[in-house]
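This report refers to the structure that appears directly beneath it.
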Amino acid sequence: MIDYLSNNSDVVLAALRQHVPLAFLPLLIGVVLALPVGYLGVRFGWLYHPLLNASGIVYSIPSLALFVTLPYVLGTRILSPVNIVVALSLYTLALMARTVADGLRSVDASLTEAATAMGYRRTRRLLEVELPLALPVVLAGVRVAAVSNISLVSVGALIGVGGLGALFTRGFQLFYPAPILVGVILSVLLAAVTDLVIVSIQRAVTPWSRASARRA
Amino acid sequence: MITFEHIRKQFPDGTVAVDDLDLELPSGKITVFVGPSGCGKTTSLRMINRMVEPTSGRILVDGEDVLEKDPAVLRRGIGYVIQHAGLFPHRTVVDNVATVPHLLGRSKKERRAAAMELLERVGLPTAFADRYPSQLSGGQQQRVGVARALAADPPVMLMDEPFSAVDPVVRDQLQQEFLRLQSELGKTIALVTHDIDEAVKLGDTIAVFRAGGHLAQVGTPQELLERPADDFVRDFVGRDRGFRGLSFESAASLPVRPLGEVGGARLVLDDSGRPVCWEGPGVRGGSAPVEGTFTAHDSLRLVTDLALSSPVATAVRVDGAGRADGLVPHHDLVDHLAARRAPA
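In structure tokens, the structure reads:
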């Protein structure tokens with residue numbers, strides 16, 4: 047495996063360099079879109095259940111099916127990385143819209159009422175009270191979506207754009223386990239580091255959620 | 128002053144929570160809304176800051192119709208305290224207190240200074256300022272809740288069961304401090320409770336609500352205890368209202384006996400004349416400590432309680448310096464209580 051790495055470091059690095067944006071760009075797009083969508087599902091209560099159903103359906107579409115269907119829908123080339131980005135953005139949106147809605151719903155109604163009674167208007171209350179209080183739930187969802195994206199990018203290798211996934215297909219075609227092993231290890235490492243980063247961010251932006259544990 | 132004029136609230140499901148309510152809450156006083164659950168007391172309170180909109184009628188705060196004001200602006204001018212405090216868990220204590228000044232756009236420095244002063248005012252160490260609410264006890268959180276309501280110095284405060292989520296000892300402490308604070312600040316306060324004892328303790332005026340949103344009686348605590356308007360109020364005020372009514376009567380006119388022997392026991396004083404214990408064959412075990420005393424400024428309720436719990440059925444009066452200056456055996460007390468009801 048070490049031999050493989052030293053002889054093919056450029057291939058492995060290129061795969062990693064492709065993998066990272068393919069996983070994180072959709073994460074960013076999906077989360078940004080999920081915030082307003084999730085909010086609407088809470089603001090208009092009748093939208094919540096349709097939202098759950100829609101996100102369940104989107105999430106249940108097999109990723110490979112989505113990768114090969116999107117070019118027809120979007121008019122993109124079959125080998126375009128745009129297909130992967132759009133597909134993973136959809137998965138992130140499906141996962142996170144629900145999480146954002148649940149996070150906002152987890153905010154104690156007596157707190158939003160107290161905020162209103164102090165003189166908060168709706169938008170400011172959302173930004174200063176409801177969203178911060180929903181953050182622990184939302185960020186827990188971001189962790190799941192990030193790891194899920196990192197692993198789903200590999201599937202793209204089957205249509206030629208898959209970051210570290212390319213190492214799997216290569217190893218499979220050559221009956222050679224080293225690239226597969228390298229791909230797996232790097233995927234897991236990437237996921238672990240990402241998770242650690244998100245957890246650190248979570249701790250930094252929600253110091254209050256750990257405060258009770260430090261209660262004297 | 129807060130004035131309810133023909134206020135009616137009917138919810139979409141048809142329930143009438145408040146029906147034709149006319150009520151005046153005098154400026155600088157505490158008016159308590161009390162009644163069983165579902166009587167419309169909380170709904171009435173929440174109509175003052177438009178958390179609930181009345182179906183018909185008018186509510187005036189210092190002559191201005193609340194329905195003509197922007198709700199958010201109106202609410203920033205009315206302090207609001209709720210059960211369990213309702214503090215924002217993601218904000219530190221000092222930021223919680225500064226909520227309304229923050230909404231009013233005051234500078235950070237100004238907000239913090241004012242909030243610190245208020246923390247001290249409600250009896251919290253300023254070391255708590257940068258803690259989060261979850262690091263505070265229930266009683267401390269409730270103090271922060273009161274400080275938050277006072278932060279923008281509103282003339283009017285609404286309090287919805289503010290002390291009912293804490294244990295009785297802490298509750299009593301918070302109530303005492305609340306009364307002290309109010310004596311300094313003189314806010315116009317509407318306070319909702321289901322606890323008639325709390326109403327009697329805190330209220331300058333008590334409005335007793337009955338189911339269906341009708342007022343059963345409005346009056347001072349003493350009026351309510353002595354002259355309940357009807358059976359509903361009588362039941363609600365409770366069976367021991369005669370005893371509790373004694374809280375409002377001064378011990379000043381109570382005749383006392385000079386210090387001496389009572390029922391085979393003698394009051395032992397220390398060097399400066401303060402009572403220590405009862406001694407003599409009339410006391411079980413030969414001796415028993417004096418557990419409490421009263422002064423002429425105390426209530427007949429306290430004297431009665433002291434006489435009942437004394438080992439020799441006698442309450443001990445002391446002067447301002449704590450020196451014993453008279454005795455009230457319980458039969459004297461009974462005669463006094465009977466005489467005050469007798470026709471002249």
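Sequence order for the protein chains is A and B.
Counting the first sequence from 1 gives a position; this note's numbering is that position plus 46.
Counting the second sequence from 1 gives a position; this note's numbering is that position plus 127.
Just so it is clear, CB atoms sit at the ideal spot from N, CA and C, and this is done for glycine as well.
Note that the structure is predicted; figures quoted are calculated from it, not measured.
Does the beta-carbon distance from V104 (chain A) to L139 (chain A) come in below 9 Å? yes
Taking only three categories from DSSP, how would you classify F215 (chain B)? coil
Which residues in chain A sit within 9 Å of M284 (chain B), going by Cβ to Cβ distance? By Cβ distance, chain A contributes nothing, its closest Cβ being about 12 Å from M284 (chain B), past 9 Å.
Compute the Euclidean distance between the alpha carbons of E73 (chain B) and P348 (chain B), then round it to the nearest angstrom. Shown here, chain B extends from 128 to 471; a query on residue 73 (chain B) therefore has no answer.
Cut-off 6 Å between Cβ atoms - residues of its own chain near L141 (chain A), not counting five sequence neighbours on either side: A191
What does a CB cutoff of less than 6 Å around L236 (chain A) pick up in its chain, not counting 5 residues either side in sequence? I196
For N95 (chain B), which residues in the same chain have their Cβ closer than 7 Å to its Cβ, ignoring the five residues on either side in sequence? Nothing can be reported for residue 95 (chain B): it is not among the residues displayed for chain B, which extend from 128 to 471.
Contact test: A278 (chain B) Cβ vs the ligand MN heavy atom, cutoff 8 Å: Absence of the ligand MN is noted for the structure shown, with no ligands found whatsoever.
Note down, one range per segment and in chain order, each beta strand (DSSP E) of at least 3 residues found wholly within the region 391-424 of chain B. 393-396, 402-406 and 414-416
Take A262 (chain A) and list the residues in its own chain whose beta-carbon comes closer than 7 Å to its own, dropping the five residues that flank it on each side. Confidence in A262 (chain A) is poor, its pLDDT being 42 and thus under 50, which makes the residue's placement unreliable; the coordinate value appears in the next sentence. So no residue of the chain qualifies.
List, in order along the chain, the chain A residues whose C-beta lies closer than 7 Å to that of G213 (chain B)? S156, L157 and A160
Same chain, Cβ closer than 6 Å to P416 (chain B), neighbours up to 5 away in sequence not counted: C404
Going by the CB atoms, is the gap between Q267 (chain B) and R251 (chain B) shorter than 9 Å? It is worth fixing the name first, because residue 251 (chain B) is Leu in this sequence and not Arg. Yes.
Can you find at least 3 beta carbon pairs, one from the region 55-75 of chain A and one from the region 194-210 of chain A, that sit closer than 8 Å? yes
Coarse secondary structure for L381 (chain B), derived from DSSP in three states: coil
Starting from S183 (chain B), follow its DSSP beta bridges and name the residues at the other end. B:R135
Report yes or no: is there a C-beta of chain A within less than 9 Å of the C-beta of M243 (chain B)? no
Sorted by chain position, which residues of the same chain lie with C-beta nearer than 7 Å to G339 (chain B)'s C-beta, five sequence neighbours on each side aside? V143 and D146
With DSSP collapsed to three states, give me the class of M128 (chain B). coil
Report the rounded CA-to-CA distance for L454 (chain B) versus D149 (chain B), giving the unit in angstroms. 49 Å
Contact with chain A by R270 (chain B), beta-carbon distance below 9 Å: no
Report buried or exposed for G102 (chain A), applying the criterion of at least 16 other Cβ atoms within 10 angstroms of its Cβ. exposed
May I ask which residues mark the beginning and end of the alpha helix (DSSP H) holding P182 (chain A)? L177 to V199
Select from the region 235-268 of chain B all residues with a C-beta closer than 9 Å to any C-beta belonging to chain A, and list them in chain order. R258, Y259, P260, S261, Q262 and L263
Can you grab the Cα-Cα spacing for the pair G121 (chain A) / V243 (chain A), in whole Å? 36 Å
How is A225 (chain B) classed by DSSP in three states: helix, strand or coil? coil
DSSP three-state label for A262 (chain A), please. Residue confidence for A262 (chain A) is low, a pLDDT of 42 falling below 50, so the modelled location carries little weight; the figure read from the coordinates is stated next. Correct three-state label for A262 (chain A): coil.
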